[in-house]
Amino acid sequence: MSRHSRIAGTGSALPPDCVSNAELVRRLAARGVETSDDWIVERTGIRQRYLADPDTASSHLATRAARAALEAAGREPAEVDLIIVATSTPDFVFPSTACLVQKALGHPGGAAFDVQAVCSGFVYALATADSMIRTGMATRALVIGAEVFSRILDWNDRGTCVLFGDGAGAVLLEASDEPGVLASRLHADGRHEGILRTPGNVCGGAIIGSPLLTMDGQAVFKLAVSVLDEVGREVLAAAQLPLDQLDWLIPHQANVRILQATARRMGLDPAKVVVTVDQHANTSAASVPLALDLAVRDGRVRNGQHVLLEGVGGGFAWGAVLVRMTGAH
Ligand code: UT7
4 MSRHSRIAGT
14 GSALPPDCVS
24 NAELVRRLAA
34 RGVETSDDWI
44 VERTGIRQRY
54 LADPDTASSH
64 LATRAARAAL
74 EAAGREPAEV
84 DLIIVATSTP
94 DFVFPSTACL
104 VQKALGHPGG
114 AAFDVQAVCS
124 GFVYALATAD
134 SMIRTGMATR
144 ALVIGAEVFS
154 RILDWNDRGT
164 CVLFGDGAGA
174 VLLEASDEPG
184 VLASRLHADG
194 RHEGILRTPG
204 NVCGGAIIGS
214 PLLTMDGQAV
224 FKLAVSVLDE
234 VGREVLAAAQ
244 LPLDQLDWLI
254 PHQANVRILQ
264 ATARRMGLDP
274 AKVVVTVDQH
284 ANTSAASVPL
294 ALDLAVRDGR
304 VRNGQHVLLE
314 GVGGGFAWGA
324 VLVRMTGAH
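In case it helps, this note's numbering puts the sequence shown at residues 4 to 332.
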């Protein structure tokens, strides 16, 4: 009998400060930056985002999401032998955010490391954990996407600062006789590294370069739409699953227009796309597991359903994981 992995539970965490577009417009106006609720909604579909206070780090949100996923699965931290955190906003240069989560959960000994694939981080981490479980290197993994992107935003750049939010999402992935993860594909094209980046580094006690996010929005938009369609088809073909048997598409939540265009290009009913960008804005590596947990908890995603998770973003990196859902209650 071959060894597979399956999702045993999902969880998520948001900081308490929910900032509507109207409130953000007020906060930005106070610093002389002009934007409007109409522009943000029309161009992105975003209506609000959650922003972390200065004392809240990615590891704090990650730990809360991990605890929720453990609780949903009826498991204890002691039963986890692998923690992977996908983040571009780690607490420190090192140690990894995953090690900080492990410390907070109170059970040392298993493997713990971070994955840096920006907005594709969660699907990269999930595919990695699935591979490690299938090869017998791990049995039960916390796979977490956690971000405090508000820390790296240029609040004077209205073209980017209205787009992002903070949060975390997690799944508990465990070894199983029946496949939960059906197929995964990961890709990157480093030639496009310049269109979305935070090109700073720490050197000799100072920041070299810039610690703030910059983006060529239109270039990212075009690439995102084409690769999300391609990788979605690729993974469905790898699993030999016809499109009409796909129950839900959960792509990275960057812009509702990207989600709609992806569904259109794939020939998928737009009602099958889980949309949370209106509520959370773009939370980078956290967006896919946050959306999955929300759709599990509101009863949309049910056990036995086929769910396609897709990431895309800086690197340029993208990927997809197709799961037959288990662990939804
Ligand atoms: O997580 C990684 C993936 N990220 C993404 O997928 C993001 C992909 N890109 C996008 O979602 C869109 O390109 C944006 C939402 C970033 C921008 O939308 P757009 O339709 O491409 O707008 P634009 O950048 O072409 O800007 C159009 C206009 C400009 O004014 P002019 O030059 O036409 O007078 C901007 O200055 O909108 C202006 N603008 C704003 N106006 C009010 C840009 N940002 C704002 C703003 N409020 N916040």
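Idealized CB from N, CA, C, for every residue including glycine.
Extent of the continuous alpha helix (DSSP H) to which V105 belongs: The sequence given here has Gln at residue 105, not Val. It spans 100-108 - the alpha helix (DSSP H) in which Q105 sits, taken as one unbroken run.
L85, enclosing beta strand (DSSP E) - first and last residue: 85-89
Selection from T90, A257, F167, I136 that minimises the alpha carbon distance to V22: F167
Assigned exposure category for H332 - 16 Cβ within 10 Å defines buried: Within 10 angstroms of the beta-carbon of H332 lie fewer than 16 other beta-carbons, which makes it exposed.
Where C122 falls, given that 16 or more other Cβ within 10 Å makes a residue buried: Buried, since its Cβ has 16 or more Cβ neighbours within 10 Å.
C-beta contact flag for A149 and V88 at 8 angstroms: yes
Supposed close pair R52, H255 - CB separation, criterion 8 angstroms: 15 angstroms between Cβ atoms; not a contact.
Length of the line joining the Cα atoms of E74 and L64: As the crow flies, the alpha-carbon of E74 is around 16 angstroms from that of L64.
Beta bridge counterpart(s) of C122 as assigned by DSSP: For C122, which the question treats as bridged, DSSP gives no partner whatsoever.
Cβ shell of A289 (< 6 angstroms), same chain only, five flanking positions each side left out: G148, A149, E150, G170, A171, G172
Element boundaries [alpha helix (DSSP H), containing E237]: 220-241
Within the segment 250-297, ranges of the alpha helix (DSSP H) (whole runs, at least 4 residues): 259-269, 280-283
One or two residues paired with T13 in a DSSP bridge: V174
Paired residues, beta bridge with G212 - DSSP: The partner list for G212 (beta bridge, DSSP) reads G203.
Inter-residue Cα distance where the pair is A178 and D157: 42 angstroms
Coarse secondary structure for G197, derived from DSSP in three states: Helix.
The segment 229-241 / the segment 185-200 touching (three or more Cβ pairs under 8 angstroms): With a cut-off of 8 angstroms on Cβ pairs, the segment 229-241 is in contact with the segment 185-200, counting three or more such pairs.
Residue burial classification, R143 (beta-carbon count within 10 angstroms, cutoff 16): Residue burial is scored here from C-beta neighbours: R143 has at least 16 other C-beta atoms within 10 angstroms and is therefore classed as buried.
Any non-hydrogen atom of the ligand UT7 closer than 7 angstroms to Q221 Cβ: yes
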